[in-house]
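Be aware that the sequence shown starts at 1037, since it is given in our numbering, and climbs by one per residue. One structure is given below, encoded as structure tokens.
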Amino acid sequence: MLWLLQIPAPILGFLWVAIIVGASVGGLILFRRAVSHTRLENANAVSGTVFQLAGVLYAVLVAFVVVVVWEQFSDAEDASGLEATAVADLLRDSAALPPESRAAVERTLTAYTRTVVDVEFPKMHRGESVVEQSAELGAVWETYLSIQPETRNEIAFFDHAIVRLNDLSAARKMRVTTGDVSVPGELWVLLVGGGGVMMAFTFLFGTRDLVVHSLAVGLTSALLAFVLYLIFALEHPYVGDLSVEPTAFVNVLRDWGG
């Protein structure tokens, strides 16, 4: 289903909502032909009570899922920001390293950042997985491990750089991990099935005005469709138009002439 997120968000959102609204209103019309409005009017009291109870339960479920996927999206943004910040700090502090190692450090860090922007983010944008172990990051580690600091100042900055390099590796792992998270399939069954039950309840309200009833069902289904679309888009923080962008890494390359 990730291929759906490759469709521009305005088009996908409109089609998503239009299909669900059309199915809901069409289902209402067929239901009204099969069941008389008089019978529905007699059951309004019961239908209203049950609908309120089911609505509260479903609203709690939807609110929980929205909060979870939004937190996952925020974690993905934070991971990218922390990773780019670590790269920027390492590039800045490389000025205090031995002169013979400085150029190699800057070159490997810039190459790693360029790979993240030009290769990894486009792959994640298409829904493809990215490995946690990067050859470019391995080259950065090898460069640092070959450094032989001599002065007290060089040793202090080298020790701090190793700490930041570990932070970079941890932030990269977090970025890759958050890109692979998703809402469990069982929960999607509950979301979609619960939404179908809620829309079925809206058919049970007895009114002689089919236009008003259709409008009410259409508006309700449109709201439900938009919420489900939002959950679907946010559960994949690096895929599609509504996704985390490599802006922080681009800024690092711009500042350091990469």
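Built from N, CA and C at the ideal position, the CB exists for glycine as well.
Residue range of the unbroken alpha helix (DSSP H) whose run includes residue i
{"i": "residue 1163", "result": "Where residue 1163 is concerned, there is no enclosing alpha helix (DSSP H), given that its DSSP letter is neither H nor E."}
{"i": "residue 1135", "result": "1135–1151"}
{"i": "residue 1281", "result": "Where residue 1281 is concerned, there is no enclosing alpha helix (DSSP H), given that its DSSP letter is neither H nor E."}
{"i": "residue 1222", "result": "1221–1238"}
{"i": "residue 1106", "result": "1080–1129"}
Simplified DSSP assignment, three categories, for residue i
{"i": "residue 1044", "result": "coil"}
{"i": "residue 1274", "result": "coil"}
{"i": "residue 1241", "result": "coil"}
{"i": "residue 1212", "result": "helix"}
{"i": "residue 1292", "result": "coil"}
{"i": "residue 1217", "result": "coil"}
{"i": "residue 1071", "result": "coil"}
{"i": "residue 1295", "result": "There is simply no residue 1295 to check, as the chain begins at 1037 and stops at 1294 in what is shown."}
{"i": "residue 1170", "result": "coil"}
8 Å CB neighbourhood of residue i in its chain, flanking five on each side removed
{"i": "residue 1131", "result": "1138"}
{"i": "residue 1044", "result": "1277"}
{"i": "residue 1133", "result": "1141, 1183, 1185, 1190, 1193, 1194 and 1197"}
{"i": "residue 1235", "result": "1060, 1063, 1253, 1256, 1257 and 1260"}
{"i": "residue 1233", "result": "1090 and 1094"}
Distance, residue j Cα to residue i Cα
{"i": "residue 1201", "j": "residue 1262", "result": "42 Å"}
{"i": "residue 1168", "j": "residue 1213", "result": "8 Å"}
{"i": "residue 1207", "j": "residue 1098", "result": "30 Å"}
{"i": "residue 1184", "j": "residue 1191", "result": "9 Å"}
{"i": "residue 1101", "j": "residue 1264", "result": "10 Å"}
{"i": "residue 1078", "j": "residue 1070", "result": "16 Å"}
{"i": "residue 1257", "j": "residue 1228", "result": "12 Å"}
{"i": "residue 1040", "j": "residue 1181", "result": "44 Å"}
{"i": "residue 1103", "j": "residue 1251", "result": "29 Å"}
{"i": "residue 1161", "j": "residue 1283", "result": "14 Å"}
{"i": "residue 1067", "j": "residue 1052", "result": "23 Å"}
{"i": "residue 1143", "j": "residue 1187", "result": "23 Å"}
{"i": "residue 1109", "j": "residue 1276", "result": "13 Å"}
{"i": "residue 1246", "j": "residue 1065", "result": "8 Å"}
{"i": "residue 1170", "j": "residue 1093", "result": "45 Å"}
{"i": "residue 1136", "j": "residue 1122", "result": "22 Å"}
{"i": "residue 1058", "j": "residue 1249", "result": "14 Å"}
{"i": "residue 1369", "j": "residue 1267", "result": "Residue 1369 lies beyond the stretch modelled for the chain, which goes from 1037 to 1294, so this question has no answer here."}
{"i": "residue 1226", "j": "residue 1075", "result": "30 Å"}
{"i": "residue 1223", "j": "residue 1088", "result": "22 Å"}
{"i": "residue 1111", "j": "residue 1243", "result": "47 Å"}
{"i": "residue 1055", "j": "residue 1237", "result": "19 Å"}
{"i": "residue 977", "j": "residue 1116", "result": "This structure cannot settle anything about residue 977, because the visible part of the chain is limited to 1037 through 1294."}
{"i": "residue 1273", "j": "residue 1205", "result": "20 Å"}
{"i": "residue 1153", "j": "residue 1073", "result": "60 Å"}
{"i": "residue 1158", "j": "residue 1118", "result": "19 Å"}
{"i": "residue 1240", "j": "residue 1049", "result": "28 Å"}
{"i": "residue 1127", "j": "residue 1091", "result": "54 Å"}
{"i": "residue 1125", "j": "residue 1085", "result": "60 Å"}
{"i": "residue 1179", "j": "residue 1163", "result": "32 Å"}
Heavy atom of the ligand ZN within 6 Å of residue i beta-carbon
{"i": "residue 1212", "result": "Only the bare structure without any ligand can be found here, which leaves the ligand ZN out of the picture."}
Chain-order list of residues whose beta-carbon lies under 6 Å from that of residue i (same chain, five-residue window excluded)
{"i": "residue 1113", "result": "1280"}
{"i": "residue 1081", "result": "none"}
{"i": "residue 1156", "result": "1166"}
{"i": "residue 1175", "result": "1144"}
{"i": "residue 1285", "result": "1120, 1149, 1152 and 1153"}
Beta-carbon proximity list for residue i, same chain, < 7 Å, skipping 5 on both sides
{"i": "residue 1217", "result": "1108"}
{"i": "residue 1231", "result": "1260 and 1264"}
Whole beta strand (DSSP E) elements within the region 1172–1202, 3-residue minimum: none
Residue ranges of each alpha helix (DSSP H) within the region 1245–1273, 4 or longer: 1246–1270
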